[in-house]
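The opening position of the sequence shown corresponds to residue 1 in the UniProt record's numbering, with each subsequent residue numbered one higher.
What follows is a short report on a single structure.
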Amino acid sequence: MEDADTDLQISSSQDSLMEAALAALGTGDMTPLVKEELKLTIQSRRLASGKGELRVNFEPPTQSELTEEERVKVDRRREQNRMAAQRFRQKQKTLGDRVQRQVRGLESDNTRLRAELRILREERDDLRRRLTEHLKVCPGVSLYVVNT
């Protein structure tokens, strides 16, 4: 009788392993196969050490009907969560708008300062050119410019 039970367990194990392998091939996800192999490894070690077979039933928990008080509490919590999410989204939008205004202001300042820098460089180059021209006609000034 024990041999028949063992044969039945082996056949069942092979079936479950085959199902897991087919599921893994079908979905491309190796998780079912790995889980089934792990389960079978644990079972074989338990049986080898003389312990009984581990039976696990995964049943989804049954949900009971909520009382009126619980429903009110859930609804209140959902409303609070909805309001908090709305406040968060508004805060994020305000912050984003403020950052965008700041960026536009900084870009405007940058453009203005670059234009001012260009004008100052042109003025500097013009003054250098004029000084060079002046030094050609007024050699005495060059002594003063060199000494300062």
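C-beta: ideal position from N, C-alpha, C; glycine also.
These figures come from a predicted structure and were not determined experimentally.
Distance between residue 38 and residue 64, taken at the CA atoms: about 34 Å. The beta-carbon separation of residue 48 and residue 36, rounded to 18 Å, does not stay under the 8 Å limit for a contact. In this structure, residue 43 lies away from residue 59, with their beta-carbon atoms at least 8 Å apart. A distance below 6 Å between beta-carbons, with the five flanking residues on each side excluded, links residue 32 to the following residues of its chain, in chain order: 20, 23, 24. When DSSP states are grouped into helix, strand and coil, residue 58 belongs to the coil group. CA-CA distance, residue 112 to residue 28, rounds to 58 Å. Residue 109: member of the alpha helix (DSSP H) spanning 68-137, first to last residue.
Nearest in C-alpha terms to residue 55, of all of 68, 40, 76, 61, is 40.
Per DSSP, the unbroken alpha helix (DSSP H) holding residue 35 starts and ends at 31-48.
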